[in-house]
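Visitor: Take this structure, written in structure tokens, and hold onto it; I'll ask about it next.
In the numbering used here, the protein residues as written are 3 to 184.
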């Protein structure tokens, strides 16, 4: 009986655990060099005045301050934040007919997984206030079974802004792995 209990503990831990590695998928693009005057303002998005969005906005402002950006009313740079959660079992595509491209792939449920995955996604776009051209774009996304988007925010913001200041004008796709609430 004691052997049976000893064997069942690791099996129970495997079937209920969601503390495995979390992969943050990142795509950044620095389209042009940053202006000498690093002043920004957030775009007005009244439909995104939720508590979570306001938390994301404050965290992005803090991250920009670390990179020597300052908030200003008549700034040269407009910052747009898009924050989303979706069932990971649904793919996100764009286009029509033969020109469909996938933005986010469908994720299959892992064997013995105790709940369905949700994708947490953050996109930060920085554009020129004068002509609307893109200065920087960063997107970060993670799959979670039990973690909340609020728990993901610090990691998503850090990842989305990871290439800020790089002006090589290429799109970079990378990933990071960390431990936490999956």
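Heads up, the beta-carbon is just placed ideally off N, CA and C, and yes, glycines get one too.
Every value quoted in this text rests on a predicted model; they were computed, and no experiment measured them.
Would you report the Cα separation of residue 62 and residue 56, rounded to the nearest angstrom?
Guide: 10 Å
Visitor: Rounding to the nearest angstrom, what Cα-Cα distance links residue 34 and residue 78 in this structure?
Guide: 14 Å
Visitor: Note down, in chain order, each residue of its chain lying with its Cβ closer than 6 Å to the Cβ of residue 124, except the 5 sequence neighbours on either side.
Guide: 85, 142, 158, 162
Visitor: What is the DSSP secondary structure of residue 181, reduced to helix, strand or coil?
Guide: Here residue 181 sits in strand by DSSP.
Visitor: Pairs of beta-carbons, one from the region 130-139 and one from the region 25-34, closer than 8 Å: are there three or more?
Guide: Here the region 130-139 lies against the region 25-34, with 3 or more beta-carbon pairs under 8 Å apart.
Visitor: Do residue 26 and residue 150 have their beta-carbon atoms positioned less than 8 Å apart in this structure?
Guide: no
Visitor: Where does residue 53 fall in DSSP's three states?
Guide: When secondary structure is reduced to three states using DSSP, residue 53 falls in the helix class.
Visitor: In this structure, does DSSP put residue 107 in helix, strand or coil?
Guide: coil
Visitor: List, from N- to C-terminal side, the beta strand (DSSP E) runs of 3 residues or more that fit wholly inside the region 143-169.
Guide: Uninterrupted beta strand (DSSP E) stretches at least 3 residues long and entirely within the region 143-169 do not occur.
Visitor: According to DSSP, is residue 47 part of a helix, a strand, or is it coil?
Guide: Collapsing the DSSP output to three states places residue 47 in coil.
Visitor: Which residues in the same chain as residue 69 place their Cβ atom closer than 8 Å to its Cβ, once the five residues preceding and following it in sequence are excluded?
Guide: In the same chain as residue 69, and ignoring 5 residues on each side of it, the C-beta atoms closer than 8 Å to its own belong to 40, 163, 166, 167, in chain order.
Visitor: Suppose the cutoff is 8 Å on Cβ atoms and the five residues either side in sequence are ignored; what does the same chain contact list for residue 132 look like?
Guide: If we look at residue 132 and ignore the five residues flanking it on each side, its Cβ neighbours are 78.
Visitor: Taking just the CA atoms, how far does residue 120 sit from residue 93?
Guide: C-alpha separation (whole angstroms): 12 Å.
Visitor: List the whole-angstrom C-beta distance separating residue 154 from residue 122, where the pair is believed to meet the contact cut-off of C-beta under 8 Å.
Guide: Distance from residue 154 to residue 122 at the Cβ level is roughly 4 Å; contact confirmed, criterion being Cβ atoms closer than 8 Å.
Visitor: Does the beta-carbon distance from residue 74 to residue 43 come in below 8 Å?
Guide: yes
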